[in-house]
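Colleague:
There are 2 protein chains.
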Amino acid sequence: MMEFASRADEFRPSPVRAVFEVARDPSVVSLAGGNPDLSVLPADAVGDVASLLLRGRAGEILQYGSGAGVDGLRELVVKLMARGGSAVTGADILPTTGSQAGLDLVTKLYCNPGDVIVAEGPTYVGALGVFGAYEVDVQHVEMDHDGMQPEAVAQALDELAAQGKRVPFVYVIPSFQNPTGVTMPEERRRELVEVCAQRDVMIVEDDPYALLSFDRSDPRPSMHGMAPEHVIHLGSFSKIFAPGLRVGWMAAPPEVRGRLQIAAESVVIHPSNLAQSLVTSWVGSEHWEPALDRAVELYKERWTAMEEALTEYMPDSASWTTPSGGFFTWVTADELLGKDVLAEAVANGVVLVPGSACYMDGRESNAARLAFSGVAPARIREGVRRFAEVLGSL
Amino acid sequence: MMEFASRADEFRPSPVRAVFEVARDPSVVSLAGGNPDLSVLPADAVGDVASLLLRGRAGEILQYGSGAGVDGLRELVVKLMARGGSAVTGADILPTTGSQAGLDLVTKLYCNPGDVIVAEGPTYVGALGVFGAYEVDVQHVEMDHDGMQPEAVAQALDELAAQGKRVPFVYVIPSFQNPTGVTMPEERRRELVEVCAQRDVMIVEDDPYALLSFDRSDPRPSMHGMAPEHVIHLGSFSKIFAPGLRVGWMAAPPEVRGRLQIAAESVVIHPSNLAQSLVTSWVGSEHWEPALDRAVELYKERWTAMEEALTEYMPDSASWTTPSGGFFTWVTADELLGKDVLAEAVANGVVLVPGSACYMDGRESNAARLAFSGVAPARIREGVRRFAEVLGSL
Chain A
1 MMEFASRADE FRPSPVRAVF EVARDPSVVS LAGGNPDLSV LPADAVGDVA SLLLRGRAGE
61 ILQYGSGAGV DGLRELVVKL MARGGSAVTG ADILPTTGSQ AGLDLVTKLY CNPGDVIVAE
121 GPTYVGALGV FGAYEVDVQH VEMDHDGMQP EAVAQALDEL AAQGKRVPFV YVIPSFQNPT
181 GVTMPEERRR ELVEVCAQRD VMIVEDDPYA LLSFDRSDPR PSMHGMAPEH VIHLGSFSKI
241 FAPGLRVGWM AAPPEVRGRL QIAAESVVIH PSNLAQSLVT SWVGSEHWEP ALDRAVELYK
301 ERWTAMEEAL TEYMPDSASW TTPSGGFFTW VTADELLGKD VLAEAVANGV VLVPGSACYM
361 DGRESNAARL AFSGVAPARI REGVRRFAEV LGSL
Chain B
1 MMEFASRADE FRPSPVRAVF EVARDPSVVS LAGGNPDLSV LPADAVGDVA SLLLRGRAGE
61 ILQYGSGAGV DGLRELVVKL MARGGSAVTG ADILPTTGSQ AGLDLVTKLY CNPGDVIVAE
121 GPTYVGALGV FGAYEVDVQH VEMDHDGMQP EAVAQALDEL AAQGKRVPFV YVIPSFQNPT
181 GVTMPEERRR ELVEVCAQRD VMIVEDDPYA LLSFDRSDPR PSMHGMAPEH VIHLGSFSKI
241 FAPGLRVGWM AAPPEVRGRL QIAAESVVIH PSNLAQSLVT SWVGSEHWEP ALDRAVELYK
301 ERWTAMEEAL TEYMPDSASW TTPSGGFFTW VTADELLGKD VLAEAVANGV VLVPGSACYM
361 DGRESNAARL AFSGVAPARI REGVRRFAEV LGSL
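For the protein sequence lines, the chains are A and B, in the order given.
Last residue of the first sequence: number 394 in UniProt numbering, and the count goes up by one each step with no gaps.
Last residue of the second sequence: number 394 in UniProt numbering, and the count goes up by one each step with no gaps.
1) If the cut is a Cβ gap below 7 Å, which residues of chain A does B/S14 touch?
2) Determine the chain A residues that contact B/D361 at a beta-carbon separation under 9 Å, and present them in chain order.
3) Where does A/G114 land, buried or exposed, given buried means 16+ other C-beta within 10 angstroms?
4) Considering just the uninterrupted stretch of the alpha helix (DSSP H) at B/H224, what are its terminal residues?
5) Report the three-state DSSP secondary structure of A/Q276 (helix, strand or coil).
6) Using 7 Å as the threshold, is the C-beta distance between A/P354 and A/V341 below it?
7) According to DSSP, is B/D71 part of a helix, a strand, or is it coil?
8) What is the DSSP secondary structure of B/V351, reduced to helix, strand or coil?
9) So what does A/A119 bridge to, in DSSP terms?
10) Measuring only the C-alpha atoms, how far is A/T329 from B/I232?
11) Between the Cα of B/A45 and the Cα atoms of B/S281, B/G181, B/F169, which residue gives the shortest distance?
12) Residues of the region 35-66 of chain A in Cβ contact with chain B at a cutoff of 7 Å, in chain order, please.
13) Taking the beta strand (DSSP E) that A/I269 falls in, what are its first and last residues?
14) Between the region 96-108 of chain A and the region 244-254 of chain A, are three or more C-beta pairs nearer than 8 Å?
15) Determine whether the beta carbon atoms of B/P168 and B/C111 lie at a separation below 7 Å.
16) Under a Cβ-count criterion, where at least 16 other Cβ atoms within 10 Å of its own Cβ denotes burial, should A/E207 be classed as buried or exposed?
17) Is the region 115-127 of chain A in contact with the region 170-179 of chain A, if contact means three or more CB pairs nearer than 8 Å?
18) For A/T304, report the span of its alpha helix (DSSP H) as first-last.
19) From A/A32, A/G56, A/P26, pick the residue whose C-alpha is nearest to that of A/A18; which is it?
20) How would you call A/S51, buried or exposed, if buried means at least 16 neighbouring beta carbons within 10 angstroms?
21) Could you check if B/D37 is buried or exposed, using at least 16 other CB atoms within 10 Å of its CB as the buried criterion?
22) For chain A, check one thing: does any of its Cβ atoms lie closer than 7 Å to the Cβ of B/V70?
23) For a contact meaning CB atoms closer than 9 Å, what does B/S6 contact in chain A?
24) Name the residues in the region 86-111 of chain A whose C-beta lies less than 8 Å from a C-beta of chain B; which are they?
25) In terms of residues, what are the limits of the beta strand (DSSP E) holding B/D206?
26) Taking buried to mean at least 16 other C-beta atoms within 10 Å of its own C-beta, is B/H145 buried or exposed?
27) Looking at C-alpha atoms only, which residue of B/G326, B/E307, B/F327 is the closest neighbour of B/S319?
28) Around the C-beta of A/S317, are 16 or more other C-beta atoms found within 10 angstroms, so that it is buried, or is it exposed?
29) Between which residues of its own chain and B/L336 is the CB-CB distance below 6 Å, once the five residues before and five after are set aside?
30) I need the straight-line Cα distance from B/S324 to B/T304, nearest angstrom please.
31) According to the Cβ coordinates, are B/P122 and B/C358 closer than 7 Å?
32) With a threshold of 16 other CB atoms inside 10 Å of the CB of residue 395 of chain B, please say whether the residue is buried or exposed.
33) Would you please verify whether the beta carbon of B/V19 is less than 7 Å from any beta carbon of chain A?
34) For B/V40 and B/L292, what's the separation of their Cα atoms in angstroms?
35) For A/M148, collect the residues of the same chain with a Cβ closer than 7 Å to its Cβ; drop the 5 residues on either side in sequence, then sort them by chain order.
36) Is the region 374-389 of chain A close to the region 153-163 of chain A, with three or more CB pairs under 8 Å?
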């Protein structure tokens, strides 16, 4: 049997994907996946939009399309990004097969094996899968309740430079971060941009949750808007419409966008025209924002239910972050140390993301990510109770 | 500005994609892209299927799905592959975001930088884009009117082994090859399998055209069916239904399929559920085969029109392959040497794929790929006439 490439040793299954089938078992409470609530979507209306698109434009939607995306999608993204203060034009935008595919392309374009990416500690498990596949290491930097600390990033970048390490970019999820739920204030974002620009290091800003503030306020200013020449922005329709369609986007300086488009066309030719067209029609319609408002109202109620359950069931030693939007909280409890948390949780009828999965080195962790976005309050309560049993506090 | 990774030097734009916008100009005759004819598809019926899917299963189709694919797709592929003699089960199948994305995953899994892939000379331009992005070289082997020559493959493999080169796989398009249109007979396929199995080299069988025989006969036996443990099979719905959806599949031994699924999930999580579901419903319906029959009838008529035009307009020195199915012919004429064929063709109102683009080293070529699949006979005639003008024979 032919041996695999050396990079294959670094392929890592996502713990969310690994428990995907388990999480479909109705007797299991899944606090693992960051699923949006889709009950707010009128299925008939979405079906009508898809039908109209195919009846009117089948020859275009079913045929090969442009790597630059279907008509209208880039203009839609321009409007969405303006909410975060980014003055992009359509020429800066590249549609992707989901924002993780965008991160894959950026990593492919910028990273040689042995390079180091500076990222939050903890960070998104899916990003670690991307980085691993390119044999790139990750230096995690400390966070506090305001997210990534710019001075810690500066220190990490300077130390890595002193070691002769190449650091192509800093990877950061500034709004309602995955997995911690915390959000970087505007001032800290400006500091981070300055730290990276001074050192000629790009920022990859992964921002799928920006529009999901519980108080429905505008998103915090994006780092891309502050310094578009230094920041590649990754956006997604997965959390604000429908992840099953697999449509996201990237914004990058035009010459970088051109290289990314060539790299993208070499893999997928273009994202699915039908999925792109449905996103363009739906998110551009009057249906979209009211449905998103209802969804965020649900996320807020669910977080309230989770917070109450955590307060009731967790041991006194436990603590957790207090998200003001998004899908996640990060629960810390020393009772988690030394356990195979995921296996014990599954055995007790609840799934979640163990903290160790959110670090490239898989270090022992006293924390776990709990998602509240896709589960009804009563189930959240039961899921937290089952989790508390794993911790031995019940 | 941060420098790109070393692999970025090897990113290559596809000549088909590069002329995508030019080819949309109605005054230009495009013989460049291998577009299926979609006029045979009843748009209303396709729209109805999509609408029914979303009305009935929106919560499943719009939500995150399984990397193993939507229900029913793998069973459909099992039936399709049985036509080529492959006795696969659903566990062998992985859906992809188009078969080129499958080739990307196989290359990612098997190839280190500096490895060499043995492929037909000429081969599919899109495959060269995939291989380049992984810093892999290609050794082209000679073809004749029966396709790749197994003894030439054996010689290339032995020479590369003697040079200490690692050859993870042989890449071959056995049916109505892209770009030459030729098809490997069954006996030659068996010989190629034996040559590769003896040397412990995988075969990657890229077979999107297998069902497009002009005489509507069953596909030639697939190499995957002959030796499933030595062959990774790439399939596509792009040529038999709709390329704009971006859905294909791979078949591989289960342990390889598992690694490929992890690699795929790291990039796209899963292919678009809506696109997968529409493919599953349409190709599984009674609509599909009659529409495909009509499409192949068109391809046959168009090839006849192209053959007549080539006979009428080409210089006496020119020759071309005679496909018995698929989308392409390969025209050879020494008048093409020393010209920037694509630029001169575009200037004369016709686009095509220059032969040099079908070799990794971009060698000078006296040939070009002409696609007849997506263009009406009168336009084909005009396109060939314009091409003949570029050759100076009119």
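All residues carry an ideal CB built from backbone N, CA and C; glycine is no exception.
Modeller: By the coordinates alone:
1) Position 14 of the second sequence, counted from the start, is the residue given in the question as residue 14 of chain B. What B/S14 touches in chain A: E265.
2) Against the second sequence, residue 361 of chain B aligns to sequence position 361. Result: empty, since nearest Cβ-Cβ is about 18 Å, beyond 9 Å.
3) Position 114 of the first sequence holds residue 114 of chain A. It is exposed - the Cβ of A/G114 has fewer than 16 other Cβ atoms within 10 Å.
4) Reading the second sequence from its first residue, position 224 is the one you call residue 224 of chain B. Where B/H224 is concerned, the enclosing alpha helix (DSSP H) starts and stops at 223-226.
5) Walking along the first sequence from the start, residue 276 of chain A turns up at place 276. Reduced to three states, the DSSP call for A/Q276 is helix.
6) The count along the first sequence starts at 1 and reaches residue 354 of chain A at position 354. The count along the first sequence starts at 1 and reaches residue 341 of chain A at position 341. Cβ atoms of A/P354 and A/V341: closer than 7 Å.
7) Your numbering for residue 71 of chain B matches position 71 in the second sequence. It is coil, neither helix nor strand.
8) Within the second sequence, the letter at position 351 stands for residue 351 of chain B. Correct three-state label for B/V351: strand.
9) In the first sequence, residue 119 of chain A corresponds to position 119, counting from 1. A/A119 pairs with A/H140, A/Y171.
10) If you number the first sequence from 1, residue 329 of chain A lands on position 329. If you number the second sequence from 1, residue 232 of chain B lands on position 232. About 42 Å.
11) Residue numbering aside, residue 45 of chain B sits at position 45 when the second sequence is read from its first letter. Comparing Cα positions, the closest option is B/S281.
12) N35, L38, L41, A43, D44, V46, G47, D48, A50, S51, L54, R55, A58, G59, I61, L62, Q63, Y64, G65, S66
13) What you label residue 269 of chain A is simply residue 269 of the first sequence in a count that begins at 1. Element bounds for A/I269: n/a, residue is neither H nor E.
14) yes
15) As a first step, residue 168 of chain B is located in the second sequence; it is residue number 168 there, counting from the start. As a first step, residue 111 of chain B is located in the second sequence; it is residue number 111 there, counting from the start. The answer is yes: Cβ separation under 7 Å.
16) The sequence position of residue 207 of chain A within the first sequence is 207, counting from 1. Looking at the sequence shown, residue 207 of chain A is not Glu but Asp. Buried, because 16 or more other Cβ atoms sit within 10 Å of the Cβ of A/D207.
17) Counting Cβ pairs under 8 Å, three or more are found: they touch.
18) Working through the first sequence from its first residue, we reach residue 304 of chain A at position 304. Unbroken alpha helix (DSSP H) run through A/T304: 288-313.
19) Looking up residue 18 of chain A in the first sequence gives position 18. Looking at the Cα atoms, A/A32 is the closest of the given residues.
20) For the purposes of this step, residue 51 of chain A is taken as the residue at position 51 of the first sequence. With 16 or more other Cβ atoms within 10 Å, it is buried.
21) For the purposes of this step, residue 37 of chain B is taken as residue 37 along the second sequence, with counting starting at 1. Per the 10 Å Cβ criterion, buried.
22) Translated into positions along the second sequence, residue 70 of chain B becomes position 70. False, the Cβ-Cβ gap to chain A never drops below 7 Å.
23) Residue 6 of chain B sits at position 6 when you count from the first residue of the second sequence. Chain A residues near B/S6: N112.
24) T97, G98, Q100, A101, D104, K108, L109, Y110, C111
25) The residue given as residue 206 of chain B occupies position 206 in the second sequence. 202-206 is the extent of the beta strand (DSSP E) around B/D206.
26) By 1-based counting over the second sequence, the position of residue 145 of chain B is 145. Its Cβ having fewer than 16 others within 10 Å, B/H145 is exposed.
27) If you number the second sequence from 1, residue 319 of chain B lands on position 319. It is B/E307.
28) Taking the first residue of the first sequence as position 1, residue 317 of chain A is located at position 317. When all chains shown are included, A/S317 counts as exposed.
29) Position 336 of the second sequence, counted from the start, is the residue given in the question as residue 336 of chain B. Taken in chain order, the residues that qualify are N366.
30) For the purposes of this step, residue 324 of chain B is taken as residue 324 along the second sequence, with counting starting at 1. For the purposes of this step, residue 304 of chain B is taken as residue 304 along the second sequence, with counting starting at 1. Roughly 11 Å separates the two Cα atoms.
31) Along the second sequence, one-based indexing puts residue 122 of chain B at 122. Along the second sequence, one-based indexing puts residue 358 of chain B at 358. In contact: B/P122 and B/C358 (Cβ atoms closer than 7 Å).
32) The requested residue 395 of chain B does not occur in the structure, where chain B is confined to residues 1 to 394.
33) To locate residue 19 of chain B, count along the second sequence from 1; it is residue 19. Output row for B/V19: interface = no.
34) In the second sequence, residue 40 of chain B corresponds to position 40, counting from 1. In the second sequence, residue 292 of chain B corresponds to position 292, counting from 1. Rounded to whole angstroms, B/V40 to B/L292 spans 8 Å at the Cα level.
35) What you label residue 148 of chain A is simply residue 148 of the first sequence in a count that begins at 1. Within the same chain, A/M148 has close Cβ partners E120, V141, V172, M184, L192.
36) no
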